[in-house]
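Novice:
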Amino acid sequence: MKVLVTGASGMLGSDLIEVLKENHEVLTSGDLDIRDLEGVMELAAETQPDTIIHAAAFTDVDCAESERETAYQVNVLGTRNVAAAASHTGTRMVYISTDYVFNGEKGDEYFEFDEPDPLNFYGKTKYLGELAVRDLTDKFYIVRTSWLFGRNGRNFVRTMVELAERGHEISVVDDQYGSPTYTRDLAGAIGRLIERPAYGVYHITNSGHCSWYEFAREIFRALQMDVKLKPVRSHEFPRPARRPSFSVLKNYNWAMEGFKLLRSYREALKDYLEEMRQGGGR
């Protein structure tokens, strides 16, 4: 299969390249700006991929509140452009979305068919991206995931380790819950998903869930680091963007299609930390 990946230099994109190249011909969008409709259309027409995996996005949740035009252009119009190109060339499309399309007030895990209601502008743009994909393409996989960590990019795990190494007392919110997800595991799942035309919406995360505080505690436990860790409430740690309090995703459609649930986030974290020790983290 010929697979075109946007956002190939990002945390998920880089792992997609590594995982998919074992079985497929993998192309990237290079330095193409996905906000350029004509450029995106030309790339799809020239490369004629069987599948486009759209991993490029404006992902800074807090900056999206103040840089709304840019976030909208990238996450909504950019996704519209990729979907239009996929539709024009008859290409299948994978769109990477987020748990932040939900408001977190359900009090339980979110199914794929639960109604989105994002709290922040980033979540709104990602949901509008979903709608563009639904409206413009017939052969799509919308993959919602959460709390990504991986070797090629900034993430919560790396931030916690760096703060601990400086000897800081670390305050971490303990009233926001989600499922930490290793980008290598997610890339592998996407690779399995695109091998069959089981189109639709999927929640794909590592198994298990925790608060950010509990995740930090697990990181330091795995590293055997003695760190001063303080749990705080969200209102004590104000951020520009509101976060959902419980945005755990039920991987229901994934399981219904017969796929095996991804391993525990704790197991995935151990592998990632080992990769960091060996110098694989960048």
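First residue of the sequence shown: 2, per this note's numbering; consecutive thereafter.
Beta carbons are placed, not taken as given, at the ideal position from N, Cα and C, and that holds for glycine.
Going by Cα to Cα distance, which pick from Glu276, Asp100 and Thr138 is closest to Val144?
Specialist: Your numbering for residue 144 matches position 143 in the sequence shown. The candidate whose alpha carbon is nearest that of Val144 is Asp100.
Novice: Using the Cβ count rule (16 or more neighbours within 10 Å means buried), how would you classify Gly154?
Specialist: Within the sequence shown, the letter at position 153 stands for residue 154. Buried: at least 16 other Cβ atoms inside 10 Å.
Novice: With 16 other CB atoms within 10 Å as the buried threshold, where does Leu137 fall?
Specialist: As a working note, residue 137 is residue 136 in the sequence shown. By the 10 Å Cβ count, Leu137 comes out buried.
Novice: Which one or two residues does DSSP pair with Gly168 in a beta bridge?
Specialist: Your numbering for residue 168 matches position 167 in the sequence shown. DSSP output for Gly168 lists no bridge partner at all.
Novice: Could you give the distance in angstroms between the alpha-carbon of Val173 and the alpha-carbon of Met2?
Specialist: Start at 1 with the first residue of the sequence shown, and residue 173 comes out as number 172. Start at 1 with the first residue of the sequence shown, and residue 2 comes out as number 1. About 43 Å.
Novice: Does the region 34-54 touch the region 168-183, meaning 3 or more C-beta pairs lie closer than 8 Å?
Specialist: With the cut-off at 8 Å, the region 168-183 and the region 34-54 do not touch.
Novice: Below 8 Å on the Cβ atoms is my guess for Val4 versus His25; work out the distance and round it to an integer in Å.
Specialist: Position 3 of the sequence shown, counting from 1, holds the residue named residue 4. Position 24 of the sequence shown, counting from 1, holds the residue named residue 25. Val4 to His25, Cβ: 5 Å. Contact.
Novice: Does the beta-carbon of Glu131 have 16 or more other beta-carbons within 10 angstroms, so that it is buried, or is it exposed?
Specialist: For the purposes of this step, residue 131 is identified with residue 130 of the sequence shown, where counting begins at 1. Glu131 comes out buried.
Novice: With a 10 Å radius around its C-beta and 16 neighbouring C-beta atoms as the bar for buried, classify Gln279 as buried or exposed.
Specialist: As a working mapping, residue 279 is identified with position 278 in the sequence shown. So Gln279 ends up on the exposed side.
Novice: Our contact map puts Val134 next to Ala190 with C-beta atoms below 8 Å; I'd like the distance itself, whole angstroms only.
Specialist: Position 133 of the sequence shown, counted from the start, is the residue given in the question as residue 134. Position 189 of the sequence shown, counted from the start, is the residue given in the question as residue 190. Not quite, the Cβ-Cβ distance comes to about 18 Å (not below 8 Å), so this is no contact.
Novice: From the DSSP output, read off the bridge partner residues of Cys211.
Specialist: As a first step, residue 211 must be located in the sequence shown, where it is residue number 210. For Cys211, which the question treats as bridged, DSSP gives the partners Gly179.
Novice: Skipping 5 residues on each side, what residues in its chain have a beta carbon closer than 8 Å to that of Leu13?
Specialist: Position 12 of the sequence shown, counted from the first residue, corresponds to residue 13. Counting only Cβ-Cβ distances below 8 Å, and skipping sequence neighbours, we find Ala56, Ile97, Leu149, Gly151, Thr184, Leu187 and Ala188.
Novice: Can you check whether the CB of Phe247 is closer than 7 Å to the CB of Gly105?
Specialist: Taking the sequence shown and counting its residues from 1, the one referred to as residue 105 is at position 104. Taking the sequence shown and counting its residues from 1, the one referred to as residue 247 is at position 246. Contact flag set, yes.
Novice: Using a Cβ cut-off of 7 Å (strictly closer), state whether Leu274 contacts chain C.
Specialist: This model lacks chain C altogether, as it is built from one protein chain only.
Novice: Is the region 206-214 in contact with the region 265-274, if contact means three or more CB pairs nearer than 8 Å?
Specialist: Yes, they touch.
Novice: By Cβ distance below 6 Å, which residues in the same chain neighbour Ala58 in space, the five residues on each side in sequence not counted?
Specialist: Along the sequence shown, one-based indexing puts residue 58 at 57. Within the same chain, Ala58 has close Cβ partners Asn76.
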